[in-house]
Amino acid sequence: MDDDKEDTMMGGTGSRRRSSRSRKAKKTTDEEEEDEKKKRRRASKKTSSGLSTSSVMIDIEDFGKEQSFEIRSSLLDWYDNNQRDLPWRKTTTCSDRAYAVWVSEIMLQQTRVDTVIRYFIRWIHKWPTLVHLSHASLEEVNQMWAGLGYYRRARFLLEGAKFIVQQGGHFPTTLSELRKVPGIGDYTAGAIASIAFQQAVPVVDGNVVRVIARLKTISANPKDSTTVKAMWKLAGQLVDPDRPGDFNQALMELGATVCTLHNPSCSTCPVSGQCRALSVSINDRSVSVKDYPTKVVKAKKRHEFSAVTVVEIIEDEALMDQPQCNSRFLLVKRPDKGLLAGLWEFPSVPLIGEVDLVTRKDAIDQYLKSFDLESGSTCEVVLRKDVGEYVHIFSHIRLKMYIELLVLHLKGRKCVNLEKENMEWKYVNSKDVGSLGLTSGVRKVYDMIQKFKDTIPPKSDKKVPEKL
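This is the structure in structure tokens:
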């Protein structure tokens, strides 16, 4: 169904009829407020001791029919007048919209909207339909995804597209069928089913959890499985049966733009009259709307260390300092499973803690033998210099990398791309490295190397190490 037709049919008399109803705010009684204070004290004690707060969830009230109706009508009116102009909301056919919703929702996981817009436009330009995407290679997809992080998401999109095409090419329209697609879970399935196919099913993401927790003053741990189930149940009670897709987008948009984590704008919130957290905070200054949902202490990031060697192969040592020098860089493909699976990086070895320079070089020298790179035997060392350190932060890892530049001249042979003993590597022309789909961490390392090379004086004396 066309977006314009949706607005006419679903935003017309029914919406005005809702708007005309009186919106009676559900006031919190003194007894309710006192009960809420007790619940918060119990939750605070359990949270501070590191225990689950799921027991607080026992007495959570359902949304009543009248309250649900008031929230729906207020939120949809607000959304009709305030929704953001986003490219994935402009598709017309159900199939195109399903594909656009799928791509955008996967990109939006852990990524800001303003960043996703640029990537989404590029993605749709290259792969406008599901079928186009199914013909892509993983390397092409990773290259398009470079810079967004969480690369497993890109692989899931590709695998999902291939799966759907293999099943006949028709985008699944039901929750049960959508969940069968690799990489599509409950949230993404709900988003596609409601937004693209107008099924009255809920979606629950971090924004929705925050809004519902404040509407209901839910103090329980939002990560606890019991709480998660309750959130899905409550979200299901709110979904508008006539405009489920618009309502779900409105609920998520409210959390993203108004009912934010650190700076909620309660004065402009369309459902403030239904918000128990706001009511409690007005009557008790010790309570803040921002107290909901309960903040969960994140696990500390694991500290890891690695030695990274940027290997540059030159054909003529005499031309190393010249712009016309034709050089190649060695890139190694990561394993197909695990962190940054299947992506290309410079040769690196993991380290046990912060080890000294000699230990790092010994580890790298041993590793480079796998590529037939051994000083005095297969190559000559032209330059070897430490460049510095770089710390890259992943969601659960703090990786400290020790970076060095190693310039080699091969003896009587050429660079050959190979796959051997579960290892795959390739030599990339220096002129092409900048256009590759490298991860942000690898690109940072490359930029460090280029800045370092700019500081090397022409025809400088280069001390060649005794071994590689």
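Heads up: the sequence shown runs through residues 82 to 549, numbered per the working numbering.
Idealized CB from N, CA, C, for every residue including glycine.
(1) Does the separation of the CB atoms of R211 and V246 fall below 8 Å?
(2) Which parts of the region 409-476 are runs of the beta strand (DSSP E), unbroken and 3 residues or longer, counting only runs that do not cross its ends?
(3) Here's a check: name, in chain order, each residue in its chain whose Cβ is nearer than 6 Å to the Cβ of P351, leaving out the five neighbours to either side.
(4) From which residue to which residue does the alpha helix (DSSP H) around H213 run?
(5) For K414, tell me which candidate among L454, R479, E334, E505 has the shortest Cα-Cα distance.
(6) Can you have a look at S257 and say buried or exposed, based on whether 16 or more other CB atoms are within 10 angstroms of its CB?
(7) Note down the Cα distance separating L167 from Y180, rounded to an integer number of angstroms.
(8) With which residues is N329 paired in a DSSP beta bridge?
(9) Can you pull the DSSP bridge partners for K310?
(10) Under DSSP, the beta strand (DSSP E) around S387 begins and ends at which residues?
(11) When the Cα of R178 is compared with those of K442, F278, A227, Q355, which residue comes out closest?
(12) Does DSSP classify V509 as helix, strand or coil?
(13) Does R324 come out as helix, strand or coil in the three-state DSSP assignment?
(14) Quick check on R260: does DSSP put it in helix, strand or coil?
(15) Is N288 buried or exposed, if buried means 16 or more other CB atoms sit within 10 Å of its CB?
(16) Quick check on the DSSP output: what are the complete alpha helix (DSSP H) runs of length 4 or more inside the region 149-193, in order along the chain?
(17) Spatial neighbours of L480 within its chain, please: C-beta separation below 6 Å, excluding the five flanking residues on both sides.
(18) E240 bridges to which residues according to DSSP?
(19) Answer yes or no: do A274 and V282 have a C-beta to C-beta separation smaller than 8 Å?
(20) Would DSSP call Y268 helix, strand or coil?
(21) Who pairs with K481 in a beta bridge, going by DSSP?
(22) Could you give the residue range of the alpha helix (DSSP H) that holds A358?
(23) Rank K507, P345, L424, I478 by C-alpha distance to the C-alpha of N223 and give the top, closest one.
(24) If we count the other Cβ atoms within 10 Å of its Cβ and call it buried at 16 or more, is A331 buried or exposed?
(25) Could you tell me which of M529, A272, I394 sits nearest to Q190, measuring between CA atoms?
(26) Are there three or more Cβ pairs, one per stretch, closer than 8 Å when the region 183-201 is compared with the region 356-375?
(27) Kindly list the residues whose CB is nearer than 6 Å to the CB of A106, restricted to its own chain and excluding five residues on each side of it in sequence; keep chain order.
(28) Along the chain, where does the alpha helix (DSSP H) containing D528 start, and where does it finish?
(29) How should L342 be labelled, buried or exposed, when 16 other C-beta atoms within 10 angstroms of its C-beta is the threshold for buried?
(30) Bridge partners of V488, per DSSP?
(31) What span of residues does the alpha helix (DSSP H) with I293 cover, start to end?
(32) Quick one: measure Cβ to Cβ for K525 and Y471, integer angstroms, because I've assumed they're closer than 8 Å.
(33) By how many angstroms is the C-alpha of K243 removed from the C-alpha of G250?
(34) Using the Cβ count rule (16 or more neighbours within 10 Å means buried), how would you classify K442?
(35) Mind reading off the beta-carbon distance from I394 to L411? Whole number of angstroms is fine, and I expect it under 8 Å.
(36) Go ahead and pull the three-state DSSP assignment for V370.
Judging by the given coordinates:
(1) Locating residue 211 in the sequence shown gives position 130, where the first residue counts as 1. Locating residue 246 in the sequence shown gives position 165, where the first residue counts as 1. It should be noted that the sequence gives Leu, not Arg, for residue 211. Result yes, Cβ atoms of L211 and V246 sit closer than 8 Å.
(2) 429-432, 460-474
(3) For the purposes of this step, residue 351 is taken as the residue at position 270 of the sequence shown. Result list for P351: S155, L156, W159, in chain order.
(4) Taking the sequence shown and counting its residues from 1, the one referred to as residue 213 is at position 132. That run of the alpha helix (DSSP H) goes 211-215.
(5) One-based indexing of the sequence shown puts residue 414 at position 333. The candidate whose alpha carbon is nearest that of K414 is E505.
(6) For the purposes of this step, residue 257 is taken as the residue at position 176 of the sequence shown. Exposed is the call here.
(7) Taking the first residue of the sequence shown as position 1, residue 167 is located at position 86. Taking the first residue of the sequence shown as position 1, residue 180 is located at position 99. In a straight line, the C-alpha of L167 is about 15 Å away from that of Y180.
(8) By 1-based counting over the sequence shown, the position of residue 329 is 248. None, per the DSSP bridge assignment.
(9) Position 229 of the sequence shown holds residue 310. Looking at the DSSP assignment, K310 forms no beta bridge with any residue, so it has no partner.
(10) By one-based count along the sequence shown, residue 387 stands at place 306. Element bounds for S387: 383-395.
(11) One-based indexing of the sequence shown puts residue 178 at position 97. Minimum Cα distance to R178 is reached at F278.
(12) The sequence position of residue 509 within the sequence shown is 428, counting from 1. V509 falls in the strand class under three-state DSSP.
(13) Translated into the one-based positions of the sequence shown, residue 324 becomes position 243. Coil, per DSSP.
(14) Start at 1 with the first residue of the sequence shown, and residue 260 comes out as number 179. Correct three-state label for R260: coil.
(15) In the sequence shown, the residue the question calls residue 288 occupies position 207. Label assigned to N288: buried.
(16) 175-189
(17) In the sequence shown, the residue the question calls residue 480 occupies position 399. These residues qualify, in order along the chain: E385, H473.
(18) Locating residue 240 in the sequence shown gives position 159, counting from the first residue. According to DSSP, which records beta bridges pairwise, E240 is partnered with nothing at all.
(19) Translated into the one-based positions of the sequence shown, residue 274 becomes position 193. Translated into the one-based positions of the sequence shown, residue 282 becomes position 201. The answer is yes: Cβ separation under 8 Å.
(20) Stepping through the sequence shown from its first residue, residue 268 is reached at position 187. Helix at Y268.
(21) Within the sequence shown, the letter at position 400 stands for residue 481. Answer is F386, V472, bridged to K481.
(22) Here residue 358 corresponds to residue number 277 of the sequence shown, with the count starting at 1. It spans 357-364 - the alpha helix (DSSP H) in which A358 sits, taken as one unbroken run.
(23) Indexing the sequence shown from 1 puts residue 223 at position 142. Nearest option by C-alpha distance: L424.
(24) The residue labelled residue 331 in the question sits at position 250 within the sequence shown. The residue in question, A331, is buried, as its Cβ has 16 or more Cβ neighbours within 10 Å.
(25) For the purposes of this step, residue 190 is taken as residue 109 along the sequence shown, with counting starting at 1. It is A272.
(26) Taking 8 Å as the limit for Cβ pairs, the verdict is that the region 356-375 does not touch the region 183-201.
(27) As a first step, residue 106 must be located in the sequence shown, where it is residue number 25. Only weak support is given to the placement of A106: the predicted model assigns it a pLDDT of 41, under 50, and the value that follows is read from those uncertain coordinates. If we look at A106 and ignore the five residues flanking it on each side, its Cβ neighbours are G354.
(28) On the sequence shown, residue 528 is found 447 positions in, with the first residue counted as 1. Unbroken alpha helix (DSSP H) run through D528: 521-535.
(29) Here residue 342 corresponds to residue number 261 of the sequence shown, with the count starting at 1. Exposed, by the Cβ-count rule.
(30) Within the sequence shown, the letter at position 407 stands for residue 488. Answer is E393, L464.
(31) Within the sequence shown, residue 293 is the residue found at index 212, counting from 1. Residues 287-297.
(32) Here residue 525 is taken as the residue at index 444 of the sequence shown, counted from 1. Here residue 471 is taken as the residue at index 390 of the sequence shown, counted from 1. Contact between K525 and Y471 holds, with the beta-carbon distance rounding to 6 Å and staying under 8 Å.
(33) The residue you call residue 250 lines up with position 169 of the sequence shown. The residue you call residue 243 lines up with position 162 of the sequence shown. Computed Cα separation, rounded: 9 Å.
(34) As a first step, residue 442 is located in the sequence shown; it is residue number 361 there, counting from the start. With 16 or more other Cβ atoms within 10 Å, it is buried.
(35) For the purposes of this step, residue 394 is identified with residue 313 of the sequence shown, where counting begins at 1. For the purposes of this step, residue 411 is identified with residue 330 of the sequence shown, where counting begins at 1. Right, their Cβ atoms sit about 7 Å apart.
(36) Here residue 370 refers to the residue found at position 289 when the sequence shown is read from its first residue. The answer is helix: DSSP assigns V370 an H, G or I state.
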